[in-house]
Amino acid sequence: MTYYRQVGTVPQKRHTAFRGADGALRFEELMGEEGFSSDSSLLYHQGVPSAIVDSQVWELADLSTTANHPLKPRHLKLHGLFGSGATGLDAVQGRRLVLGNGDVRISYVVADTTSPYYRNAVGDECVYVEAGTGAVETVFGVLSYRAGDYVVVPRATTHRWVPAEPSRLYAIEANSHVAPPRRYLSKYGQLLEHAPYCERDLHGPTEPFLVEGADVEVLVKHRGGGPSALVGSRMTYATHPFDVVGWDGCLYPYTFNVEDFMPITGKVHQPPPVHQVFEGGNFVVCNFVPRKVDYHPESVPVPYYHSNVDSDEVMFYVGGDYEARKGSGINLGSVSVHPGGYAHGPQPSAVEASIGAEYFDELAVMVDTFRPLELGEAGLAAEDPAYAWTWAGRGPTDPPLFSNS
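Next comes the structure, spelled out in structure tokens:
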């Protein structure tokens, strides 16, 4: 983030003695990115933020992956992963890995239980709320969430998820930071007039969230065991991490609701970058929202067939009726994976059917990665094996529809 915010009580000058009404000294913590040469915030704790009394191993869920080999497009039905009843799962430990590579991991969970306190020390998290409401309690304060929200949590932010109702969460975990695309920003960081959203649409904490307690366990995901291996630790803090009386700066968690994304449209079909909402290291996040479509009299509103030679394309279908995929079996809760090296596009019948359309009622979240994605255990479990053959109308064991003889 590059937008200054002050919450609670802070001293007039940074790095100076700051005391409470009882005369006790507050403990200042500088939380900063990129070796303190990028965005940062100063937090003022009642207790010592580095005082731990124990650290044990936290065994992470299955993060193994399987290559998309032999290469083919995939359709993953996420709604079948957790059934229709109560799950007893939380938003942190209940995640199941759908897709991943060395830059980003995409997981899914239906959470109806409060999570443990948690800190991802590997990268920022961008969690899309497919359904449900609740709150994310953080060291910076509380964020409420609702369907359609992106919840962006900076690396190493201690937080926990508190669902008010069962929440379907699509978690994009980066190995980097997640931010608005640079082309939307001025050289000083302000969102420009051509950007599809502005600072008013980003909602951060508004007041401190003070919690008392001792010997508080925090689950920490971090690097270890190799250059790209992830491990977990259970760190017990002498005082509660949520003992911050005030903070200020440009680094903090926030929400952005997809309804506040103003789509960019044109006379003919616009390329995917106009739908971009965030960027991370070696990946981007886009959203396709309900919108008026192309207004040239002979325009074809659905996408042309395209070969995105540098990236894998992942679409999560969360609302409306996605015109280009009619006849493919894709529905709400589906994920399509179209890998680099494979030309893809609409189902053949959808092209003709779209001509003359003036409006598309569709909502989808897209992640494009610039390194190949592999399938996690949830991706393998959720796959629809018939999808790859839907453009041809037959599979590898079916006879040809036409013959040259």
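Positions 1 to 405 (the UniProt record's numbering) are the ones given, in order, by the sequence shown.
We put the beta carbon where it would ideally sit given N, CA and C, even for glycine.
Check                                                                                                                                                                                                                           : Outcome
My output table needs one value for Gly381: the three-state DSSP class, helix, strand or coil.                                                                                                                                  : Residue 381 is actually Ala in this sequence, not Gly. Three-state DSSP puts Ala381 in a helix.
So is Phe288 buried or exposed if we call it buried at 16+ other beta carbons inside 10 Å?                                                                                                                                      : buried
Going residue by residue through the UniProt domain "Homogentisate 1,2-dioxygenase C-terminal" (288-391), where are the continuous alpha helix (DSSP H) segments of at least 4 residues, counting only ones entirely within it? : 348-354, 377-381
Going straight from the alpha carbon of Gly88 to that of Leu169, what length do you get?                                                                                                                                        : 14 Å
Do the segment 97-110 and the segment 166-181 meet, that is, are 3 or more Cβ pairs less than 8 Å apart?                                                                                                                        : yes
Does the separation of the CB atoms of Pro163 and Asp243 fall below 8 Å?                                                                                                                                                        : no
To the nearest angstrom, report how far apart Lys326 and Ser349 are at their CA atoms.                                                                                                                                          : 8 Å
Helix, strand or coil: how does DSSP classify Leu210 here?                                                                                                                                                                      : coil
Could you pull the start and end residues of the beta strand (DSSP E) that Asp149 belongs to?                                                                                                                                   : 149-153
Between Pro180 and Ile330, what straight-line distance do the alpha-carbon atoms span, to the nearest angstrom?                                                                                                                 : 29 Å
Using CA coordinates, which residue listed in Ala86, His306, Asp310 is at the minimum distance from His269?                                                                                                                     : His306
For Glu165, which three-state DSSP category applies?                                                                                                                                                                            : coil
In this structure, how does DSSP classify Gly249 when only helix, strand and coil are distinguished?                                                                                                                            : strand
Can you look up Tyr145 in the DSSP assignment and give me helix, strand or coil?                                                                                                                                                : strand
Could you give the distance in angstroms between the alpha-carbon of Ala135 and the alpha-carbon of Val110?                                                                                                                     : 15 Å
Can at least three beta-carbon pairs, one atom from the segment 221-241 and one from the segment 32-50, be found at a separation below 8 Å?                                                                                     : yes
What does the Cβ neighbour count give for Lys221, buried or exposed, with the cut at 16 atoms within 10 Å?                                                                                                                      : buried
Would you mind working out which of Tyr145, Ser334, Thr158, Asp90 sits nearest Val139, comparing C-alpha positions?                                                                                                             : Thr158
Quick one: give me the first and last residue of the beta strand (DSSP E) that Asn120 is part of.                                                                                                                               : 117-120
What whole-angstrom Cβ distance do Leu202 and Phe256 have, given they're in contact under 8 Å?                                                                                                                                  : 6 Å
Identify whether Glu59 lies in helix, strand or coil by the three-state DSSP scheme.                                                                                                                                            : coil
Run through DSSP, which three-state label would Asp243 get?                                                                                                                                                                     : coil
Glu259 and Gly123 look like a contact to me (Cβ under 8 Å); what is the Cβ gap, rounded to whole Å?                                                                                                                             : So it is not a contact: roughly 27 Å between Cβ atoms.
Among the candidates Phe316, Val351, Pro396, whose CA atom is the shortest distance from the CA of Asp368?                                                                                                                      : Phe316
Look up Arg223 in the DSSP assignment and say whether it is helix, strand or coil.                                                                                                                                              : strand
Going by alpha carbons, who is nearest to Tyr387 out of Phe370, Val151, Ser334, Glu377?                                                                                                                                         : Ser334
Considering only the alpha carbon of each residue, which of Gly204, Arg155, Gly356 lies closest to Glu34?                                                                                                                       : Arg155
Which class does Gly395 belong to by DSSP, given the choice of helix, strand or coil?                                                                                                                                           : coil
Can you tell me where the beta strand (DSSP E) with His75 in it begins and where it stops?                                                                                                                                      : 74-77
Span of the beta strand (DSSP E) holding Cys126?                                                                                                                                                                                : 125-131
Taking just the CA atoms, how far does Tyr3 sit from Val374?                                                                                                                                                                    : It should be noted that the sequence gives Glu, not Val, for residue 374. Distance between the alpha carbons of Glu374 and Tyr3 is about 36 Å.
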